[in-house]
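According to this note's numbering, the sequence shown is numbered sequentially starting from 11.
Glycine residues also receive a C-beta, built at the ideal position from the N, C-alpha and C atoms.
Source: prediction; values computed, not measured.
Here the structure is laid out as structure tokens; the discussion comes afterwards.
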Amino acid sequence: MDTNFQGLEKIPKHVALIMDGNGRWAQERGLSRIEGHKEGAQSVRAVLRAAAQAGVEYITVYAFSTENWKRPPAEIDGLMKLLVHSLNEYEQELHDNHIRLLVMGQFERLPLPVRIRLQKTIDATAHYTDHTFIIALSYGSRTEIADAAKAIAEKVKSGEMKLKEVNEQAISNHLYLPEIPDPELMIRTSGELRLSNFLLWQLSYAEFYITEDYWPDFREEQFFHALEAFNGRDRRYGGVNKK
């Protein structure tokens with residue numbers, strides 16, 4: 011399919027993705043779960059290329075939640091090795107497309123080799139300003155909000171902040187990546203209809219796009235359909251359409 015992104019009048023500045031269905035995709039094909047994750051990594055590459063072509067400035071993917079630590083150790087180990095392999099093999103594409111890498115979540119919980127490899131790419135791409143690729147790793151939104159509340163409470167206690175200064179903007183300023191604008195579009199694959207503790211604060215006014223496609227089947231064409239759906243939405247932010 012020729013994805014004519016230029017035909018869309020409204021392009022979201024920031025798109026968030028819950029990449030669901032890797033395991034089911036693999037199971038239906040008699041493959042291991044890690045094979046599903048490997049194919050899903052190709053979808054990440056496809057979406058990054060499509061996003062750059064469309065003019066989307068920020069892409070955030072929910073790669074590993076705080077709850078995912080409950081998965082079998084072998085699967086967790088396979089996911090961490092796949093992450094390092096993907097960075098080794100595809101980092102050049104980030105440079106070719108001027109994409110900056112950021113990570114949000116409990117970075118310190120990740121295995122040391124993973125942290126070292128991630129930091130290498132974060133540092134190597136830090137100067138790019140065209141596009142930003144954010145990986146949510148060991149991430150949970152409730153933990154993020156609780157951490158922000160603790161940080162604000164400490165500042166109020168020490169006198170660095172006044173109680174009257176605690177408002178919505180103050181909370182936003184104490185989240186993991188306060189400089190990143192809130193997503194305008196959230197895509198979830200495999201037909202699931204829940205947020206799964208992902209960007210609960212930041213997605214307050216995002217448009218949702220749910221597709222039955224498993225994540226490994228979500229490529230440039232499917233991304234175009236999501237942007238096409240966003241283009242047709244009427245974003246009123248609680249107001250009234252004046253048309």
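In this structure, the beta-carbon distance from Pro-193 to Leu-213 falls below 8 Å. A direct Cα-Cα distance of roughly 30 Å separates Ala-136 from Glu-164. Within the segment 33 to 96, the runs of alpha helix (DSSP H) at least 4 residues long that lie entirely inside it are, in chain order, 43 to 64. Looking at the DSSP output, Tyr-215 shares a beta bridge with no other residue. In the DSSP assignment, Ile-155 falls within the unbroken alpha helix (DSSP H) covering 151 to 168.
Residues of the same chain with a CB within less than 6 Å of the CB of Ile-69, apart from the 5 flanking positions on each side, are Val-25, Ala-61, Phe-143 in chain order.
With the rule of 3 Cβ pairs closer than 8 Å, the segment 87 to 95 does not count as touching the segment 169 to 189.
If the five residues before and after Gly-201 are omitted, its C-beta is found closer than 6 Å to the C-beta atoms of Glu-222, all from its own chain and listed in chain order.
Going by beta carbons, Met-29 and Thr-199 fall inside the 8 Å limit. Following the DSSP letters along the chain, one finds His-24 in no alpha helix (DSSP H) but inside the beta strand (DSSP E) bounded by residues 24 to 28.
Taking C-alpha positions only, Leu-89 is separated from Glu-19 by approximately 38 Å. Within the same chain, Val-94 come within 7 Å of Pro-123 by CB-CB distance, once the 5 residues on both sides are set aside. Here Ser-206 carries a coil assignment [DSSP, helix/strand/coil].
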